[in-house]
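**Student:** First, the structure itself, so that you have it in front of you.
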Amino acid sequence: MTTTTTTTTTLSSVGAALLLAACGGGSGSGSLVFGAGADTCEPTVLTNDVDDERLAAEGSACFVAEVEAGRAVIWDVIIPTVEGDPIVRRYDFDGETTVITTDSSRDEFGGADSGVGAQRCADVRLDDRLPEGVDCEPTDAVGFDSAGLP
Numbered sequence: 007m008t009t010t011t012t013t014t015t016t017l018s019s020v021g022a023a024l025l026l027a028a029c030g031g032g033s034g035s036g037s038l039v040f041g042a043g044a045d046t047c048e049p050t051v052l053t054n055d056v057d058d059e060r061l062a063a064e065g066s067a068c069f070v071a072e073v074e075a076g077r078a079v080i081w082d083v084i085i086p087t088v089e090g091d092p093i094v095r096r097y098d099f100d101g102e103t104t105v106i107t108t109d110s111s112r113d114e115f116g117g118a119d120s121g122v123g124a125q126r127c128a129d130v131r132l133d134d135r136l137p138e139g140v141d142c143e144p145t146d147a148v149g150f151d152s153a154g155l156p
């Protein structure tokens, strides 16, 4: 009887997994997709190359200009570590506040600092290279789907 219950549970789990996969609810479900929703500011991929300063400045300027104009905008950027591991960041301004999501879960050398975090900010300002949140509070975070990364 225990074997039958276990088999039934296993078959039910397999059936649920197949149903989720068929309906698009697989492992990427609930994850952010790099570049999705970025209609105004093109996603930026930095590569530890000489063009990084220019690319970061262009993307940052686009995002900050849209925020200053009060227009909703999403800007995604990949910032590589020194070793080349991708740190993925999304700046998502809804017309009132900006949510900055940072996904460092692919940083092999990040240790305890690796993972996904997000903060909701009342404002942003242009920092050295990238926009920085002002008056921020932690908020729920969802990471990026690996399949969608360039």
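Counting from 7, one number per residue, gives the positions in the sequence shown under my numbering.
Beta carbons are placed, not taken as given, at the ideal position from N, Cα and C, and that holds for glycine.
Helix, strand or coil, according to DSSP, for Gly139 in the structure here?
**Tutor:** Residue state, collapsed to three classes: strand.
**Student:** Which partner residues of Val83 appear in the DSSP bridge assignment?
**Tutor:** Thr50 and Arg95.
**Student:** What is the residue span of the beta strand (DSSP E) that Leu132 lies within?
**Tutor:** From DSSP, the beta strand (DSSP E) with Leu132 extends over Val122 to Leu132.
**Student:** Could you tell me the boundaries of the alpha helix (DSSP H) in which Asp58 lies?
**Tutor:** Its alpha helix (DSSP H) spans residues Asp58 to Glu74.
**Student:** Grab me the residues of Glu143's own chain with a C-beta within less than 7 Å of its C-beta, minus the 5 sequence neighbours each way, in chain order.
**Tutor:** Gln125 and Arg126.
**Student:** In chain order, what residues of the same chain have a beta carbon less than 6 Å from the beta carbon of Asp129, not counting five sequence neighbours either side?
**Tutor:** Hits under 6 Å: Val140.
**Student:** Based on the DSSP output, what are the partners of Asp109 in its beta bridges?
**Tutor:** DSSP output for Asp109 lists Val94 and Val122 as bridge partner(s).
**Student:** Could you say if the region 76–91 and the region 41–59 meet the contact criterion of at least three C-beta pairs nearer than 8 Å?
**Tutor:** Touching, yes, given that three or more Cβ pairs across the two stretches are closer than 8 Å.
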